[in-house]
Amino acid sequence: MQDRQIVLGVSGGVAAYKAADLASKLTQAGAVVSVVMTESAQEFVGPVTFEALTNRPVNDDLFTPTEHYQGEHIGLARLGELLVIAPATANCIAKLAYGMADDLLSTLALAFTGTIVVCPAMNTEMWSKPAVQRNVEQLKSDGIVIVEPGEGWLSCGTIGAGRMAEPAEILLTVERELNRTTE
Ligand SMILES: Cc1cc2nc3c(=O)[nH]c(=O)nc-3n(C[C@H](O)[C@H](O)[C@H](O)COP(=O)(O)O)c2cc1C
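Going by the working numbering, the sequence shown opens with residue -17, and the numbers climb by one from there.
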């Protein structure tokens, strides 16, 4: 994964804390990791954590680009070889399914031509909703790679489906997808 350009999208779920571990693992594997956070994600984990782990600026605002002055949705879409969204909220998944573009992450996802990997994370009730399952099926048929959530302890105090895949599993998927696109 040495010097591969990865964009890590972080949306607003409790599993955002696990995204920090993923950012660290990707960086340790040699990747250049550019983090994009939604406004809600920053309620859970601060950008400074990701900046320290990746040694790169965090991007969070469509209209305040940090490095690319034609907009980070264009700059990062051109730079990134793979976009991994972890955690992906129900809201984020719905926006991807409908092609909505009302913040940096969703606009970037629309402009992105490389592989997109989505890692859903939500409580069991949300994950079981027909609307969420429909949207996930839509993403799959659009060619987006889904890292299925597992079953386990959820922060709402229950045990069930919807828990985000572990960072080590997401890392393996990212490696596999990067290798597939360079074969
Ligand atoms: C404590 C708390 C935990 C949340 N956890 C999740 C979650 O795990 N998954 C999810 O889809 N939404 C979760 N939400 C709701 C999202 O934060 C909310 O839908 C938000 O609008 C998502 O915005 P984003 O998709 O732009 O990041 C949570 C909200 C709160 C207050």
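Glycine included, C-beta positions come from ideal geometry on N, C-alpha and C.
Leaving aside the five residues that flank residue 87 on each side, the residues in its chain whose CB is nearer than 6 Å to its CB run, in chain order, -9, 18, 20.
Beta bridge pairing from DSSP links residue 82 with no other residue. Burial state of residue -5 is buried, judged by a 10 Å Cβ sphere holding 16 or more other Cβ atoms. Residue state for residue 41 is assigned as strand, using DSSP reduced to three classes. Here the distance from the Cβ of residue 96 to the nearest heavy atom of ligand 1 is not below 7 Å. For residue 114, DSSP assigns no beta-bridge partner whatsoever. In this structure, the alpha-carbon of residue 115 lies about 15 Å from that of residue 132. Here DSSP, grouped into helix, strand and coil, assigns residue 145 to strand. Taken through DSSP and simplified to helix, strand or coil, residue 20 comes out as coil. By the C-beta density criterion, residue 0 is buried, having at least 16 other C-beta atoms within 10 angstroms.
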